[in-house]
Structures are given as structure tokens and as C-alpha cells.
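Novice: Sequential numbering from 413 applies to the sequence shown in full-length UniProt numbering.
For every residue, glycine included, the Cβ atom is placed at its ideal position computed from N, Cα and C.
For reference, the structure I am asking about is given below.
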Amino acid sequence: AKRLGRNNYQFFDPDMTSHEERRVTLERRLRHAIEHAALRLAYQPKVSVETGQVTGVEALLRWEDDELGAVRPDEIIPLAEETGLILPIGEWVLRTACRYAQAWREETGQPLAMAVNISAVQLNHRHFVATVKEVLETTGLAPASLELELTESALVLNPDLALETLTELRALGIALSIDDFGTGYSNLAQLRRFPIDRLKIDRAFMSHAVTDRQDAAIVRAVVALARSLDLQVVAEGVENEDQLSLIRQLHSDEYQGYLCSQALSGEALKAFMQEYAKR
Ligand code: C2E
Ligand code: CA
Ligand code: CA
Ligand code: CA
413 AKRLGRNNYQ
423 FFDPDMTSHE
433 ERRVTLERRL
443 RHAIEHAALR
453 LAYQPKVSVE
463 TGQVTGVEAL
473 LRWEDDELGA
483 VRPDEIIPLA
493 EETGLILPIG
503 EWVLRTACRY
513 AQAWREETGQ
523 PLAMAVNISA
533 VQLNHRHFVA
543 TVKEVLETTG
553 LAPASLELEL
563 TESALVLNPD
573 LALETLTELR
583 ALGIALSIDD
593 FGTGYSNLAQ
603 LRRFPIDRLK
613 IDRAFMSHAV
623 TDRQDAAIVR
633 AVVALARSLD
643 LQVVAEGVEN
653 EDQLSLIRQL
663 HSDEYQGYLC
673 SQALSGEALK
683 AFMQEYAKR
């Protein structure tokens with residue numbers, strides 16, 4: 413048997429082994445899913461706090477694997493980022509979401525505002541803007557119907573490149589939002605230099621804001637800050653009426669959450685919107 417170095421003890425730790433096995437299996441199955449077009453998108457409505465109308469949707473990755481069952485994006489995305497698979501996956505997500513929004517427009521005569529999550533790896537890739545342009549041209553979607561959701565960490569990784577990229581995207585007419593806002597509070601000042609339209613308040617704050625005064629204070633501070641910077645505010649993870657009335661008091665513009673709807677398949681979203689319009 414080979415002599416094991418100091419760091420190889422983990423090889424015999426059953427937890428580490430199963431963790432590593434899971435990772436290897438996931439990567440193998442994820443490559444398989446990409447090749448066999450097994451990834452899907454689900455669309456979660458965004459709602460105007462004032463009017464209750466659906467203002468658009470966010471595309472969210474879904475994967476139901478034959479071997480592994482449903483795998484959550486929280487597990488897929490980090491692995492995809494580590495392995496570089498995020499580039500083909502991210503491009504597929506963007507193209508599929510834009511194609512759906514354009515088909516919606518052609519079928520209904522109404523635009524559908526489509527928000528797409530962009531990983532730091534994609535944003536910091538030198539062909540990103542060219543890819544976005546190509547996808548818009550190919551699908552025919554108006555840039556004004558597209559919004560890109562970026563994380564704070566993606567911007568501060570390489571702020572100069574991010575600023576250049578965001579400026580180009582903004583010039584195309586694409587809307588830009590900061591996702592999971594509030595989780596990287598220290599970078600607040602840095603955000604001012606970026607041409608951002610919207611902040612999305614992280615679900616972690618909403619889940620406790622009704623009962624926890626500190627979380628409520630953070631939400632209040634974020635909304636006030638956003639107002640002073642002329643940004644729109646979207647509250648994530650609104651699950652009940654108490655949370656809705658809180659964000660209404662705080663003058664958040666839009667919300668997303670199970671109170672209105674979870675993320676729906678493309679077909680289910682059409683049915684949902686028809687029912688919703690009758691309410
Ligand atoms: P996110 O961008 O913050 O998306 C919101 C997540 O919260 C989604 O989880 C959504 O299903 C969930 N959610 C929405 N409303 C509620 C609610 O009222 N209560 C609760 N408990 N949860 C709610 P999901 O789909 O599992 O996605 C998790 C994360 O994975 C996303 O967080 C995003 O960071 C990432 N992700 C998903 N799809 C993509 C993608 O296509 N590209 C990239 N780069 N990341 C993605
Ligand atoms: Ca998001
Ligand atoms: Ca978020
Ligand atoms: Ca999140």
C-alpha cells in the first residue's frame with residue numbers, strides 16, 4: 413500500500429469520501445445533462461407592491477437527474493463554477509430565458525421582463541458582452557426586456573472590468589440588479605460606481621424581518637439607501653401577508669416569494685398568468 417501523507421487521512425473519513433464521491437458523480441451527471449439537454453428553467457413572478465401586478469419573472473435553473481433525482485441550484489452552481497461548466501450552462505440559461513420571453517411576446521403581444529442570474533465567472537469572462545449581444549440578436553428579444561442579476565462579490569472581484577462590462581450592458585438597454593443584497597454589507601460604498609437599476613434584498617433578512625428588529629432595521633436601511641441612490645428595491649422571499657405589509661410600509665417597489673408564487677415551468681407560468689389576470 414502507498415504511504416499516506418499527513419493530509420490523506422481524509423481519504424478514510426467516511427463523510428469526506430461520500431462528499432468527494434457525490435462531487436465526482438455530480439460532475440459526471442452534470443456533463444451528461446448538458447450533452448443531453450436535460451436542464452430546465454423555471455420562472456418565478458415578480459410583483460409590484462403597489463398594484464399587485466406581475467412585473468416580470470426570474471429564470472431559475474432546474475435539474476431532475478435520472479440517477480440523482482432533483483439537484484438544487486445551490487449545489488449545481490458552485491460545482492459548475494469550479495469546473496468551468498458554468499460557461500456553457502450560463503449561456504444555455506440566458507438563451508433559453510430570452511427565447512421564452514420573446515415567444516411570450518409573440519404569442520401574447522405583451523412584453524415579458526426576464527431576469528437572469530449571472531455568475532461571477534460569467535461576468536468576468538472576456539466574451540460575456542459579446543455573448544449577451546449574440547443571444548439578444550439570435551432570439552430577437554428587446555434588450556429592455558432583459559435584466560441581469562449580479563452578486564456584489566462578482567462586481568468587487570475585478571471592479572474595473574466589472575464597471576466596463578456593466579457600462580456596455582447598460583448602454584445596450586439591459587437592466588442590472590444586485591442580487592442577495594445585504595449579505596456583503598461592507599461593499600456598499602463601492603456599489604455607487606456601478607450603473608445599477610435595482611437592489612434585491614436577500615431572503616435571509618425577509619425571513620426574520622417581521623419578528624427580528626435588527627433584520628427589520630437592515631431592510632429599512634437598505635430601502636432608504638436605495639432610495640437615496642435612485643435605485644429600485646425588490647424584496648425576496650416574501651412568504652406571508654405580515655412580510656408583505658412590512659415591505660409595503662418600507663416602500664419596497666417589488667417582491668418575489670411564495671406568497672405570490674414559487675418558480676413555475678414555462679407552461680405553468682402561462683396558466684398562472686391567465687388565472688392571475690382574472691383576480
Ligand atoms: P436567488 O437568485 O437568490 O433566487 C431565489 C431563490 O429563492 C430561488 O431558489 C427561489 O426558488 C427561492 N425562493 C423564492 N421565493 C421564496 C420564498 O418565498 N421562500 C423561500 N424559502 N425561498 C424562495 P433556487 O431556485 O433554489 O435558487 C437558489 C440560488 O441558485 C439562486 O438564488 C441563485 O443564486 C442560484 N441560481 C439559480 N438559478 C441560477 C442560474 O441560472 N444561474 C446562476 N448563476 N445562479 C442560479
Ligand atoms: Ca436571483
Ligand atoms: Ca437573491
Ligand atoms: Ca440567494
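Would you say Y670 touches ligand 1, meaning its beta carbon is less than 8 Å from a heavy atom?
Specialist: Yes.
Novice: Report whether the distance from the Cβ of K545 to the nearest heavy atom of ligand 2 is below 8 Å.
Specialist: No.
Novice: Give me every residue whose Cβ sits closer than 5 Å to any heavy atom of ligand 2, in chain order.
Specialist: In chain order, the qualifying residues are N529, E561 and D591.
Novice: Anyone know if the C-beta pair for V547 and R582 falls short of 9 Å?
Specialist: For V547 and R582, no; Cβs fall outside 9 Å.
Novice: Can you tell me where the alpha helix (DSSP H) holding F617 begins and where it ends?
Specialist: Start and end: R615 to A621.
Novice: Between which two residues does the beta strand (DSSP E) harbouring P523 extend?
Specialist: Unbroken run through P523: none, as it is neither H nor E.
Novice: Quick one: what does DSSP say T563 is sitting in, helix, strand or coil?
Specialist: Strand, per DSSP.
Novice: Can V469 and Y667 be called in contact, C-beta distance under 9 Å?
Specialist: No, these two residues do not count as a Cβ contact at 9 Å.
Novice: At a threshold of 8 Å, does residue 400 count as lining ligand 3 (C-beta to nearest heavy atom)?
Specialist: For the chain, the structure presents residues 413 to 691; residue 400 sits outside this window and is missing.
Novice: Taking the beta strand (DSSP E) that P485 falls in, what are its first and last residues?
Specialist: Here P485 belongs to no beta strand (DSSP E); instead the alpha helix (DSSP H) covers P485 to T495.
Novice: Using a Cβ-Cβ cutoff of less than 8 Å, which residues in the same chain neighbour A413 once the five nearest sequence positions on both sides are dropped?
Specialist: For A413, the predicted structure reports a pLDDT of 40, less than 50, and the residue's modelled location is therefore unreliable. A value from the coordinates is still provided. Excluding residues within five positions, none has a Cβ falling inside 8 Å.
Novice: So G468 is in the beta strand (DSSP E); what residue range does that whole segment cover?
Specialist: Per DSSP, G468 belongs to the beta strand (DSSP E) from V466 to D477.
Novice: Please report the residue range of the beta strand (DSSP E) in which D591 lies.
Specialist: Per DSSP, D591 belongs to the beta strand (DSSP E) from A587 to F593.
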